[in-house]
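What follows is a single structure, written as structure tokens, with notes after it.
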Amino acid sequence: MRPAAVHGYEGSPATGIRMYRGDALRVMRRLEAGVYDAIITDPPYAAGVSLAAKGAGTATKYCDNKRANPLPDFDGDGMDQRTWTLLMADVLREGRRLCKPGAVCALFIDWRMLPSLTDAMQRAGWIWRGVAVWDKLTSRPQKGRFRQQAEFIAWGSAGRLSVNRPVPVLPGVFRHANVAANERLHQVQKPLELMAEVLKICVPGGRVLDPFAGSGSTLLAAARLGLTADGIESSPAIAQTAADRLGVKLTEEV
Ligand SMILES: C[S@@+](CC[C@H](N)C(=O)[O-])C[C@H]1O[C@@H](n2cnc3c(N)ncnc32)[C@H](O)[C@@H]1O
């Protein structure tokens, strides 16, 4: 069943959008080199290692799966930090191969994995250029502690980043509330408005790759900005959600 209009295209397919079901690395190895203007992605944060060790799924950490239609668990959150770092370096190296010279990457992450991600990014050949902040506006209060109210966007470029790109001055802090629990199609879905702002780092009319696409928020926001975009998602149920949301046919890993 197609999700509510607020999330998607109300039946008209997003143009210039492709959604693959498969492992990011395996799919990326088959894609054409040197064609993307940006890698914009929100990988699993490997935040559920201890839960995974107890055999618990991601719903235990991220949502109340007592809802009528429980959201499927997503992959990769139970990885240990070192394996995750190696995976990210491999994916980002492959992403570098797929990108044009001067392309950009913008990678979501939490405070705990930020150092590992910037190591992986640089190991993969990207020039690390900074960290922007997603202020989620609210968070669980914890007495005697700073609130964990932000996630981060580590960003960089494939070689030299010309100041003459037709891209405006962009904010360093994005303020958007999380997607309401009862509107989510994915346990850790990113708000479309946030993705639309982040995607402005890509040149107008450019081509974007999201190797950890989840429910397709990056792709949907990209289509609305007139960008073309390809997404990859390993979970069959989540990949199908993204394809339905985008109004496109799912391409199975071959
Ligand atoms: C943080 S979620 C992305 C959520 C997305 N931003 C959204 O708004 O729906 C990361 C996604 O990457 C997927 N994933 C994990 N490992 C993967 C892999 N090796 N290849 C492709 N997808 C993977 C997970 O199943 C999960 O859906």
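For the sequence shown, counting from 1, position 218 maps to 208 in the working numbering; every step adds exactly one. The beta-carbon is built from N, C-alpha and C at its ideal position, and this holds for glycine as well.
Item, Value
"I'd like to check one pair, alanine 203 with methionine 9: are the Cβ atoms closer than 8 Å?", "yes"
"If you scan the stretch 86 to 117 from start to end, which runs of the alpha helix (DSSP H) of 4 or more residues do you find wholly inside it?", "104 to 113"
"Would you identify the three-state DSSP class for tyrosine 26, choosing helix, strand or coil?", "strand"
"Assuming alanine 232 contacts glycine 221 (C-beta within less than 8 Å), just tell me the rounded distance between them.", "6 Å"
"Taking 7 Å as the cut-off, is the beta-carbon of threonine 208 closer than that to any non-hydrogen atom of ligand 1?", "yes"
"From the DSSP secondary-structure annotation, give me the bridge partner or partners of threonine 73.", "Answer is none; threonine 73 lacks a bridge partner."
"Taking the alpha carbon of threonine 218 as the reference point, which residue from Asp200, Ser205, Pro33, Asn168 has its own alpha carbon closest?", "Asp200"
"If you run the structure through DSSP and keep just helix, strand and coil, what is glutamate 242?", "strand"
"Sorted by chain position, which residues of the same chain lie with C-beta nearer than 7 Å to alanine 229's C-beta, five sequence neighbours on each side aside?", "Met9, Arg11, Glu223, Leu240"
"Would you call the stretch 141 to 148 in contact with the stretch 166 to 175, where contact means no fewer than 3 C-beta pairs closer than 8 Å?", "no"
"Helix or strand or just coil, what does DSSP make of serine 40?", "helix"
"Output needed for alanine 79: all residues of its chain with C-beta closer than 6 Å, excluding positions within five of it in sequence on either side, in chain order.", "Ala110, Arg113, Ala114"
"Here's the rule: buried if 16 or more other CB atoms are within 10 angstroms of the residue's CB, otherwise exposed. What is valine -4?", "For valine -4, the predicted model reports a pLDDT of 39, less than 50, meaning its position is unreliable; a value from the coordinates is still stated below. Exposed: under 16 other Cβ atoms inside 10 Å."
"Could you check where the alpha helix (DSSP H) with glutamate 187 kicks off and where it finishes?", "182 to 188"
"In the structure shown, what three-state DSSP assignment does aspartate 200 receive?", "strand"
"Threonine 108 to glutamate 22, Cα distance in whole Å?", "25 Å"
"Less than 8 Å separating the beta-carbons of lysine 190 and leucine 160?", "yes"
"With a 10 Å radius around its C-beta and 16 neighbouring C-beta atoms as the bar for buried, classify arginine 235 as buried or exposed.", "buried"
"Assign glutamate 242 to one of two classes, buried (16 or more other C-beta atoms within 10 Å of its C-beta) or exposed (fewer than that).", "exposed"
"Beta-carbon separation of aspartate 32 and alanine 49 under 8 Å?", "no"
"Around the C-beta of arginine 86, are 16 or more other C-beta atoms found within 10 angstroms, so that it is buried, or is it exposed?", "buried"
"Would you list the residues sitting across from isoleucine 222 in a DSSP beta bridge?", "Tyr10"
"So, helix, strand or coil for arginine 135, using DSSP?", "coil"
"Between glycine 204 and ligand 1, is there a pair consisting of the residue's CB and a ligand heavy atom that are separated by less than 7 Å?", "yes"
"For ligand 1, I want to know if isoleucine 99 counts as a neighbour, meaning its beta carbon is within less than 7 Å of at least one of the ligand's heavy atoms.", "no"
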